[in-house]
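In what follows, a structure is listed as structure tokens, so that the remarks can point back to it.
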DNA sequence: CTGTTAGCGCATTCAA
DNA sequence: TTGAATGCGCTAACAG
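Protein chains in written order, with this note's numbering: chain A, 55 to 384; chain B, 55 to 384.
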């Protein structure tokens, strides 16, 4: 019996009145076992509900172990995820490093997963996307000497690649102002995401405390549209909207048009991300250098895999404005 | 020394002239170690390039092992991936099952990963998305009694959830015909993807062997547009285009408009997938029940995790037509 | 503070 | 065809 109550091959050997070697043989499909014996073992396996122990098997198999990178990321954003991991996946495979991706929908999951990954020593490289950790956790990572990188959000004391979210939102405000907007509003995202919270903060700092802000609970067209409607209820004369993300920005454009007004003549809109298809929609937006996130991560990982102690320099990447049809180009 | 030439804690104990317990202590950050001793061990670790064995650690730690599902999928399609895994991720976590996702860009990678996963007994549940396996591989999975499910593509002898890709393409043809199209063309995808190959086949069967077909090498707007241009070079009078995917379909619409012709008056277009934002774009398309794929997979996995022997019924889900602005509604 | 010892669950010799 | 014994690399008592 294992610590957690599962049967071991000793249990099934005893149950089937055979030796453990025989059990191992039928389990691994060896042919050198008499049929009745095989039957007895199979039955014992079923009755005791035996499950193999991965760890024991691997250890006994004496096989080489490939280093593994565990990546924790909130998969709610498919495009973000995809843009970051696609440069990574191929490069890691070439470097002989396994990549396991875990979804982290919320903070509890994050901590639960980290607890488990660290307790089980499940990996020798760790990548944390769009999230931050506390100082106890940071100490824990260091004392375990588990090389960890942060993507999309900077964590002091660790290598990271990120952008300046506050500056990005401030840039949206500045751009709208220069294009003649007098009443600028913001559609933010749930503040559990640090990047979202930072952008909202950046907007407030740039646009002033009275500038209206509404939060879209999800990065969907419908939520964006609803948030814009709430914005209009607060101030009908809004003529510029900055969004935390491209998708809700599209909702804004839809709602403006539904009210028989024009983009960008009556209302100008700026998104954030420059996701795929945004060129087709003609959305003006702040482009995040997502593939560069992946490239940086790949390089950092490769270096860390070879020389875990070497400090890796963090990178702060530039945001650029992509002007399309939802702003009035000057 | 391990089989693959790595150092073990015995090596570093000898090197540092201490016992293995002391080595283990400094490795695990225990405080009850004298500083000089700690230094010596650290140095030995660095010099010998020691890396921990996950398997040995886990085995010695006597911790409970959570069952693990390994999912192999081609991540080139972010939306597909996301739609399928998002119902899965939460449900598996709740069921106490770990999910590790591996990217499979091509066939070699698929076989390499499968070889490794099977050799290492890396999981007790396996999910193969958008791919097929040969009969030797199938036998191997069965003899290892590794419960395996197939998503997006049916594999005889295994539980699977899929749609009828041939029928989907045939449906596109039928819909275009009923809406008055006389010259129907197809934009397919790389035939390495079985689902793509099937759709092309379904189109050919329904539209006849002379109906023009061009392949878009990637599911992008630009590739779709280029394929449509090639199509027009073959037959200028094309008045209906069926696409293997929504994104290239958008390229078709763009090109039609660039030529000062109208969708759907002059050319009707039907996509495939019903990806996010397609409603905003107004694309008529064949909807794939992607979230249902994920739901089915979750249920299948849960059942298999409890009772690996139980046969699970495969499901073939329905495709539906979502009519929007790129076809002439009747 | 440190070393010795005994397993963890399994695969695999080697004899029988 | 089968079983007893050994060891995979590590952690965690237990002594010293």
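Note that beta-carbon positions come from the ideal geometry of N, C-alpha and C, so glycine has one too.
- Indicate whether residue 358 of chain A and residue 213 of chain A have their beta-carbon atoms separated by less than 9 Å. Within the first chain, numbered from 1, the residue matching residue 358 of chain A stands at position 304. Within the first chain, numbered from 1, the residue matching residue 213 of chain A stands at position 159. Closer than 9 Å, so yes.
- Task: Determine which residues of the segment 183 to 207 of chain A have a Cβ less than 8 Å from any Cβ of chain B, and write them out in chain order.
- Result: 197 and 198
- Would you please verify whether the beta carbon of residue 291 of chain B is less than 9 Å from any beta carbon of chain A? For the purposes of this step, residue 291 of chain B is identified with residue 237 of the second chain, where counting begins at 1. So no, residue 291 of chain B is outside the interface.
- Cross-chain neighbours of residue 83 of chain B in chain A, by beta carbon under 7 Å: Counting from one through the second chain, the residue named residue 83 of chain B turns up at place 29. By Cβ distance, chain A contributes 197 and 198.
- chain B contact residues for residue 136 of chain A, given Cβ-Cβ distances below 7 Å: Looking up residue 136 of chain A in the first chain gives position 82. Per Cβ cutoff of 7 Å: 129 and 132.
- Message: For residue 338 of chain A, tell me which candidate among A:101, A:378, A:159 and A:178 has the shortest Cα-Cα distance.
- Response: The count along the first chain starts at 1 and reaches residue 338 of chain A at position 284. It is A:378 whose Cα lies nearest to the Cα of residue 338 of chain A.
- Message: Can you check whether the C-beta of residue 222 of chain B is within less than 9 Å of a C-beta belonging to chain A?
- Response: On the second chain, residue 222 of chain B is found 168 positions in, with the first residue counted as 1. No, no contact with chain A.
- Rounded to a whole number of angstroms, what is the C-alpha to C-alpha distance between residue 174 of chain B and residue 199 of chain B? Sequence index remark: in the second chain, residue 174 of chain B carries index 120 (1-based). Sequence index remark: in the second chain, residue 199 of chain B carries index 145 (1-based). So the two alpha carbons sit approximately 14 Å from each other.
- Message: Ignoring anything shorter than 4 residues, give me the alpha helix (DSSP H) runs that lie fully in the segment 152 to 230 of chain B, in order along the chain.
- Response: 161 to 173 and 189 to 197
- Item | is_contact[residue 9 of chain B, chain A] using C-beta, thresh 9 Å | Nothing about residue 9 of chain B can be reported from this structure: the residues present for chain B run from 55 to 384 only.
- Message: Below 8 Å on C-beta distance, what does residue 139 of chain A contact in chain B?
- Response: Reading the first chain from its first residue, position 85 is the one you call residue 139 of chain A. By Cβ distance, chain B contributes 129 and 157.
- Message: Mapping the DSSP letters down to three states, classify residue 133 of chain A as helix, strand or coil.
- Response: Against the first chain, residue 133 of chain A aligns to sequence position 79. Here residue 133 of chain A sits in helix by DSSP.
- residue 58 of chain A: contacting residues in chain B (beta-carbon distance under 7 Å): Taking the first residue of the first chain as 1, we reach residue 58 of chain A at position 4. Chain B residues near residue 58 of chain A: 118.
- Query: So is residue 210 of chain B in contact with chain A if we call contact Cβ pairs under 9 Å?
  - Reply: Here residue 210 of chain B refers to the residue found at position 156 of the second chain. With 9 Å as the cut-off, residue 210 of chain B does not count as an interface residue toward chain A.
- Test item: CB-CB of residue 293 of chain A and residue 329 of chain A under 9 Å: The residue labelled residue 293 of chain A in the question sits at position 239 within the first chain. The residue labelled residue 329 of chain A in the question sits at position 275 within the first chain. No.
- Message: For residue 49 of chain B and residue 286 of chain A, I'd like the C-alpha separation in whole angstroms.
- Response: Coverage of chain B is limited to positions 55 through 384, which leaves residue 49 of chain B absent and any answer about it impossible.
- Query: chain B partners of residue 275 of chain A, CB-CB under 9 Å?
  - Reply: Taking the first chain and counting its residues from 1, one reaches residue 275 of chain A at position 221. The answer, in chain order, is 330, 331, 333 and 334.
- Item | Residue environment, residue 236 of chain B, which counts as buried when at least 16 other CB atoms sit within 10 Å | Along the second chain, read from residue 1 onward, the residue named residue 236 of chain B stands at position 182. By the neighbour-count rule (16 or more Cβ atoms within 10 Å), residue 236 of chain B is not buried but exposed.
- With residue 60 of chain B as the anchor, note down where its beta strand (DSSP E) starts and where it stops. Residue mapping note: residue 60 of chain B aligns to position 6 of the second chain, counting from 1. Premise fails: residue 60 of chain B is in no beta strand (DSSP E) and is neither H nor E.
- Message: Let's test the definition: count the other Cβ atoms within 10 Å of the Cβ of residue 384 of chain A and tell me whether it reaches 16, buried, or not, exposed.
- Response: Your numbering for residue 384 of chain A matches position 330 in the first chain. Exposed: under 16 other Cβ atoms inside 10 Å.
- At which residue ranges does the segment 291 to 352 of chain B contain complete beta strand (DSSP E) runs of 3 or more residues, listed in the order of the chain? 294 to 297, 322 to 327 and 339 to 341
- Task: Return helix, strand or coil for residue 146 of chain A, following the three-state DSSP convention.
- Result: Counted from its first residue, the first chain places residue 146 of chain A at position 92. Residue 146 of chain A: helix per DSSP, three-state reduction.
- Query: Is the Cβ-Cβ distance between residue 152 of chain A and residue 128 of chain A less than 9 Å?
  - Reply: Position 98 of the first chain, counting from 1, holds the residue named residue 152 of chain A. Position 74 of the first chain, counting from 1, holds the residue named residue 128 of chain A. In this structure, residue 128 of chain A does not lie closer than 9 Å to residue 152 of chain A by Cβ.
- Message: Is there a C-beta anywhere in chain A that falls below 9 Å from the one on residue 121 of chain B?
- Response: Counted from its first residue, the second chain places residue 121 of chain B at position 67. Judged by the 9 Å Cβ criterion, residue 121 of chain B is in contact with chain A.
- So residue 233 of chain B packs on residue 322 of chain B, CB below 8 Å; how close in whole Å? Mapped onto the second chain, residue 233 of chain B falls at position 179. Mapped onto the second chain, residue 322 of chain B falls at position 268. Yes, residue 233 of chain B and residue 322 of chain B are in contact; Cβ-Cβ is about 6 Å, under 8 Å.
- Message: By the 9 Å beta-carbon criterion, what residues does the segment 161 to 180 of chain A contribute toward chain B?
- Response: 163, 166, 167, 170, 173, 174, 175, 176, 177 and 178
- Task: Have a look at residue 22 of chain B and residue 142 of chain A and give me their C-alpha separation to the nearest angstrom.
- Result: The structure shown does not extend to residue 22 of chain B, since chain B is modelled only from 55 through 384, so no value can be given for it.
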